[in-house]
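Just so you know, this note's numbering puts 180 at position 178 of the sequence shown, and the rest follows in order with no gaps.
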Amino acid sequence: MGILGMNGIGKTTFIKMLAGVETPDEGAVNNPTLRVSYKPQYISQSSVPGTVEQVLRKSAGEKYGEQWFTAEVIDPLHVKRMLERDVKVLSGGELQRVAIAECLSRDSDIYLLDEPSAYLDVEERLAVARSIRRITKMRGVTAFVVEHDIVTQDFIADKLMVFTGEAGKSGHAGQPLSLEDGMNAFLEQMGVTFRRDADTKRPRVNKPGSRLDREQKESRNYYYTS
């Protein structure tokens with residue numbers, strides 16, 4: 003489940019409530035039997051002592067060292083070359099990949115990832131997206147992913163929740179939509195259109211005011227899945 007919306011309208015707060023990090027002002031989040039693994043938006047190096055290998059051994063348990071774990075988590079996220087390094091000396095992008103690997107290595111029913119593409123280049127973002135999608139499919143579990151990068155979200159999500167509201171004041175979580183309907187709803191808010199590249203099949207933003215941009219806005223097709 004991908005989560006999209008403008009900044010400051012409650013997406014991170016929503017994820018934190020699902021994770022049990024924050025409590026709602028009204029009502030309650032009831033998931034006493036569900037195991038949740040949470041990757042926050044902001045990661046503190048000082049809060050994760052030890053080497054990368056120690057961190058992943060602790061979170062993965064007996065899975066660490068198994069062939070599938072290496073193939074699905076360690077290798078795609080390019081973590082292997084960092085295993086002997088202290089977490090406190092990692093760069094922003096390295097820390098992000100380790101945090102994602104830690105999150106995905108836990109046995110959970112729900113994975114919550116807030117901005118997993120931050121500090122990553124394009125190819126690293128796609129590798130992360132593929133890992134999240136493969137692991138959740140393989141385990142038959144659900145992931146909620148807050149992500150502003152359209153290409154990354156396109157690779158991850160089956161469904162989308164689009165938040166609306168006024169930044170810093172109020173936010174409303176929309177009902178789950180198909181990928182195409184959710185992207186259309188969000189991109190209409192932003193006034194941006196996307197096409198799908200014929201060669202790479204990746205989403206590409208249209209130049210504002212271009213023929214494609216005008217045609218897609220007129221037909222209200224802000225996003226193409228094919």
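Even for Gly, the Cβ is constructed at its ideal location relative to N, Cα and C.
Here residue 173 has 11, 12, 165 and 167 as same chain residues with Cβ atoms under 6 Å from its own Cβ, once five neighbours each way along the sequence are excluded. For residue 187 and residue 176, the gap between their C-alpha atoms comes out near 10 Å. Residue 73 carries a helical assignment under DSSP once its states are collapsed to helix, strand and coil.
Looking only at 42, 89 and 71, the smallest Cα-Cα distance to residue 52 is reached by 89. Annotation: the continuous alpha helix (DSSP H) that includes residue 57 extends over 54-62. A straight-line Cα-Cα distance of about 23 Å links residue 48 and residue 75.
In its chain, beyond the 5 residues on either side, 24 have a beta carbon closer than 7 Å to the beta carbon of residue 15. In this model, residue 109 and residue 150 are separated by some 26 Å (Cα to Cα).
Here residue 163 carries a strand assignment [DSSP, helix/strand/coil].
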